[in-house]
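Trainee: The structure is given below, and queries will be raised subsequently.
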Amino acid sequence: MPTIIVDGKSYEVGSGKNLLEACLDAGLDLPYFCWHPSMGSIGSCRQCALVQYRDNDDQHGRIIMGCMTPATDGARVSLKVEKAKEFREAVVESLMLNHPHDCPVCSEGGECHLQDMTVMVGHRDRRYKGKKNTHRNQYLGPLINHEMNRCITCYRCERFYRDYAGGKDLSAQASRDRIYFGRHQDGILESEFSGNLVEVCPTGVFTDKPFLADYSRKWDLQSSPSICSGCGVGCNISPGERYGRLKRIHNRYNHEINGYFICDRGRFGAGYVNGDKRTNYVGIKEPNGAFKAIKKNEISRHIIQWLGNGNIVGIGSPRASVESNYLLQKLVGPSKFSLGVSQTEHNILKRQVSILQTTRASNPSVREIEMADAILVLGEDLTNTAARIALAIRQATKNKAIAMATKMGIEEWHDSAVRNLAQKELSPLFITTTAATKLDDVAMKTITLSPDEIANFGLELARQLADGNSQDPQIIEIATYLTTAERPLIVSGPSLLNANIVESAAAVADALAMSNQNTQLSFTFPESNSTGSILLGEPQNLMLSDIIENIDEIDVLVVLENDLSRRLSAFEMTQLNASQTKIISIDVLENKTLEISDMVLPAASFAETQGTLVNNEGRAQRFYSVFSPLHDRLPSWQWVIDIAAVIENEELSAIASFDEVIDLCAQNNNFQALSSVAPDKNFRDHGLKIPRQTHRNSGRTAITANTSVHEPQQSPDEETPLTYSMEGLNRDQPSALTPFVWSPGWNSNQSLQKFQAETDGPLKGGPSGIKLIKSSGCGVSLDYDRTPSVSLKNNYWRLVPIYSLHGSEELSLHTKEISELAGLPFIMLSGRDADNMKVSDGDGVIVSGDDLRISISVRVSARMAKGCAGYSAGYNEIGHLTADTYVQINRDDEWQPLKPVVIATDRIASFKSEDNQYV
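Throughout, this note's numbering is defined as the position within the sequence shown, counted from one, plus 275.
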């Protein structure tokens, strides 16, 4: 490891670093703007100036940029010499020439990197008295607010949006002091990762628009460590609360999973927590069908009255925590418990877990996915089913460029040099799906097949890897790339609801792993705790179909955080509603299941409770409440305990704390390490709990002054090591307990580097979470039989699900901005099929089949498997369309195209509706 000398003091630093990284790793405060640990260096802002000396005799030195200079052994530099300080101050002064200096009204104020750096360099007085350049702000959609006048031309936004995330509709325009960062015209940003501009931008150019509409300063927010519930990847987030409302979501760094970035569903999809569809009070259905609010202590009377023969059955949920699912299964017994998913989905997910427990390939984290140098995707549109994995794969395609640069002696952090050298060279990515994906632009080859054909393609590829007998040149080509790669990766999942695709992915991975121990196999899981619920499952568990078939024999059915209308057919929902079974629903939002329930118990959302979720790689992670539940809301696991007390279950009713719930869950063999996921409630840092509030939290005593002049007591938290207060210590604790990042002089999220062992490295507090799935490495038992192709009649199409980041997930769809972006439900056709029907985007078609006839909008895809038509999965309006059914599709001559709805109410004079035709 090289040793550098900074202002006469020696520091040992990591190899392959630049001087800016080396100084930050050493704990020194060297200002910067354009550099980002995930995007490398371009030397644009000139802010990280240092003076470097040739040797001990050189007393003058020369000014260099820290981010563009390698940290070599024996390098002598100075931060504190006067000419370096003057240079850095002059850079800030030049940046402020056209900056409006509107900190008091800027939503970035108090967490602004420009503010921090301005103070750090000592700049105070403005000498420039001339006019400032001004710009017209753009409408960029419902998620991002644009204030171009605050720009300091660091190029971070363009580098993230275009170079890192692959967006095409935002770039730098014009030149010199007229440079402009935005779209070619007003319109909704197309990237699924646009929200990261909020944190990437060091000033207030791109800000969180929903947060701006319900704003509080960073120092006034109460925050907590949490886990995103938007999909199965398990990104770490930091929700912020004020006045009993969830204000925003920020990325919470996890070295192994999300790093610095999350998708827009994760950042903006939690608005439902404040929505008017929240369940607030215990409700009992009256004879007229209306719900009447009752007191909590009246619950027992009704349940006892309903129990009859005492036959109580429970339905769990893949979006409920491990603890809630476990307690419900414990309450009713494994033989009277369902995991709450369809039999098809259950079988596929169970098989995925089984494969991960036996495969010869390794099960990678998102970070490890980024290191792959050849990738095969089978059947998954990752941008819409596991967006953070899609972003990681996009980075993995750049590994060939990095390898080329390394061979030429160019460091990986030298971003512009690496890109210039590589030009369009990318690591091989092969995508085999039924329809076009957002990763197609970086794929070496895209292959469009039906679900059965995808499975057969994978099996033939596995056979080629095993014995080399294929005659298909496409199979041979892909096999060659995979076998010559150092770290090949296979990615698949359950999205197409075809078990054979998962089997074929496992076959390919195991065949590769026979000769390459670095082979990786990654499966996606659809919901935040899909993996955890499968690990909890017992062989005697019921399927949903079993419950419906025997519904009249059940006295009480407890439904835990599960809208069954998304899992059951319309006929099955009718059967459930017509039965005499009393249904108790525990849920966060009103839904169709609550409508047919006899009792509703209001559940706390992820922001109001704590629990454990298990992500797609089997990593168990703990989330914590950011504020106390309002009204009658309780954690789901607490409601189960209350029901246990009513039916006199002594074991469960005796539970007095969340830690006792965890200890009970640890009785399950798959969850023996659950208590090690995060510290228990007795953890203290120097005798103190960890504060959720910053030490600068203001106006705390006045929050409820409009209702009473008496200051209420802070909500107690007896269940966790955290406190709803500003008192305590928030430094050097385990990373699972870090609610927010702040360090003296670093008020923005750039303060994260003070919490890392090294820049872009693990957190000092250690890893967050524990992997529960470890492979035995014995290999997967596989069936290599091909699936016979189905010949279709003319004008019949096989329905395949098409997922949307905005629209397919149950809870986020109830967030105003997400529902607006989701647009209308649709049928997706290939260009050829659309031409044959004489329809185009926005036209209507009639979809008909057995007991089915609906009129629906059309989307045309760049590619779609022959004989297949996609439908918008997860949209409430078309719950009766299901995968693998065969339908007729005809042009609807009476279709009335809906005019696009322009979401914006601000600055839309030049907005063109053509850019927004699905909203």
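Don't be surprised by glycine CBs; every beta carbon is placed ideally from N, CA and C.
1) Based on the DSSP output, what are the partners of Glu516 in its beta bridges?
2) Report the residue from Asp438, Asn924, Gly1119 and Asn600 whose alpha carbon sits nearest the alpha carbon of Arg1166.
3) Nearest chain B C-beta to Arg321 closer than 8 Å, yes or no?
4) Would you call the CB atoms of Gly505 and Gly462 closer than 8 Å?
5) Reducing DSSP to helix, strand and coil, say where Lys1187 ends up.
6) Using only the alpha-carbon positions, how far apart do Met646 and Thr672 sit?
7) If you count every other CB in all the chains shown that lies within 10 Å of the CB of Ile916, and 16 or more means buried, which is it?
8) Can you give me the C-alpha to C-alpha distance between Asn866 and Asp838, rounded to a whole angstrom?
9) Applying the criterion that 16 or more other CB atoms from any shown protein chain within 10 Å of the CB defines a buried residue, is Ser450 buried or exposed?
10) In the structure shown, what three-state DSSP assignment does Glu1169 receive?
11) Considering Cα atoms alone, identify which of Ser491, Arg694, Leu772 and Gly470 is closest to Asp483.
12) Quick one: what does DSSP say Tyr1150 is sitting in, helix, strand or coil?
13) Pick helix, strand or coil for Glu935, following the three-state DSSP scheme.
14) Where do the N-terminal and C-terminal ends of the beta strand (DSSP E) with Lys284 fall, by residue?
15) Excluding the 5 residues flanking Pro375 on each side, which residues of the same chain have their C-beta closer than 6 Å to its C-beta?
16) Can Ser1195 and Asp452 be called in contact, C-beta distance under 8 Å?
17) Taking the alpha-carbon positions, what's the Gln739 to Leu772 distance?
18) By how many angstroms is the C-alpha of Val834 removed from the C-alpha of Glu620?
19) Classify Val1176 as buried or exposed, calling it buried when 16 or more other Cβ atoms lie within 10 Å of its own Cβ.
20) Just to confirm the assignment, what range does the alpha helix (DSSP H) spanning Ser252 have?
21) Identify the residues that DSSP records as bridge partners of Gln448: which are they?
22) Does the Cβ of Asp332 have 16 or more other Cβ atoms within 10 Å, making it buried, or fewer, making it exposed?
23) With burial defined as no fewer than 16 other Cβ atoms inside 10 Å of the residue's Cβ, what is the status of Ser637: buried or exposed?
24) List the residues that DSSP assigns as beta-bridge partners of Phe612.
25) Alpha carbons only, please: which of Asn695, Ser790, Glu778 and Gly768 is nearest the one belonging to Asp742?
26) Span of the beta strand (DSSP E) holding Ser767?
27) Along the chain, where does the alpha helix (DSSP H) that runs through His621 open and close?
28) Please go through the same chain and pick out, in chain order, the residues whose beta-carbon is closer than 7 Å to the beta-carbon of Ala1137, but skip the five residues on each side of it.
29) If you drop the 5 nearest sequence neighbours on each side, which residues of the same chain put their C-beta closer than 6 Å to that of Leu1096?
30) Is it true that the CB of Ile587 sits closer than 8 Å to the CB of Asp873?
31) Arg337 lies in the alpha helix (DSSP H); which residues open and close that run?
32) State the beta-bridge partners of Ile706 as determined by DSSP.
33) Spatial neighbours of Gln947 within its chain, please: C-beta separation below 7 Å, excluding the five flanking residues on both sides.
34) Between Pro1253 and Pro500, how many whole angstroms is the CB-CB distance? I'm expecting something under 8 Å.
35) Considering only the beta carbon of each residue, do Ile822 and Ile590 sit closer than 8 Å?
36) Going residue by residue through the region 954-998, where are the continuous beta strand (DSSP E) segments of at least 3 residues, counting only ones entirely within it?
Mentor: Looking at the atomic coordinates:
1) As a beta-bridge residue in DSSP terms, Glu516 pairs with Gln497 and Leu521.
2) Answer by Cα proximity: Gly1119.
3) Protein chains in the displayed structure number just one, and chain B is not present.
4) It is not a contact, given that the beta carbons lie outside the stated cut-off.
5) Model confidence at Lys1187 stands at a pLDDT of 45, short of 50, so the residue's coordinates are unreliable; what they give is reported in the following sentence. Three-state DSSP puts Lys1187 in coil, outside helix and strand.
6) Those two C-alpha atoms are separated by around 9 Å.
7) By the 10 Å Cβ count, Ile916 comes out buried.
8) Asn866 and Asp838: Cα-Cα distance of roughly 6 Å.
9) By the 10 Å Cβ count, Ser450 comes out exposed.
10) Judged by DSSP in its simplified three-state form, Glu1169 adopts coil rather than helix or strand.
11) By alpha-carbon distance to Asp483, the top candidate from Ser491, Arg694, Leu772 and Gly470 is Gly470.
12) Tyr1150: coil per DSSP, three-state reduction.
13) In the structure shown, Glu935 sits in a helix (DSSP, three-state: H, G or I).
14) Looking at the DSSP string, the run of the beta strand (DSSP E) that includes Lys284 is Lys284 to Glu287.
15) Result list for Pro375: Asn424, in chain order.
16) Summary: the structure shown does not reach residue 1195, with the chain confined to residues 276 through 1194, and so no result is reported for it.
17) Approximately 25 Å between the Cα atoms of the pair.
18) Distance between the alpha carbons of Glu620 and Val834 is about 18 Å.
19) In this prediction, Val1176 scores a pLDDT of 45, lower than 50, which makes its location untrustworthy; no coordinate-derived value is stated.
20) Residue numbering for the chain in the displayed model covers 276 to 1194; residue 252 lies beyond these limits and cannot be assessed.
21) Under DSSP, Gln448 takes part in a beta bridge, and its partners are Tyr455.
22) Counting other Cβ atoms within 10 Å of its Cβ, Asp332 stays below 16 and is therefore classed as exposed.
23) Result: buried.
24) According to DSSP, which records beta bridges pairwise, Phe612 is partnered with Gly589.
25) Ranking the options by Cα distance to Asp742, first place goes to Ser790.
26) Run containing Ser767: Pro763 to Ser767, per the beta strand (DSSP E) assignment.
27) Residue range Gln618 to Thr633 is occupied by the alpha helix (DSSP H) that includes His621.
28) Excluding residues within five positions, the ones whose Cβ falls inside 7 Å are Ala711.
29) The beta carbon of Leu1096 sits closer than 6 Å to the beta carbons of His1081 from its chain, once the five residues preceding and following it are set aside; these are given in chain order.
30) Contact flag unset, no.
31) That residue, Arg337, is in no alpha helix (DSSP H); its beta strand (DSSP E) goes Arg337 to Met340.
32) Residue pairing for Ile706: DSSP places it in a beta bridge opposite Val652 and Thr721.
33) Residues Ala941 of the same chain have their beta carbon placed closer than 7 Å to that of Gln947, with the five preceding and five following residues left out of the count.
34) This structure cannot settle anything about residue 1253, because the visible part of the chain is limited to 276 through 1194.
35) Contact flag set, yes.
36) Listed in chain order, there is nothing to give.
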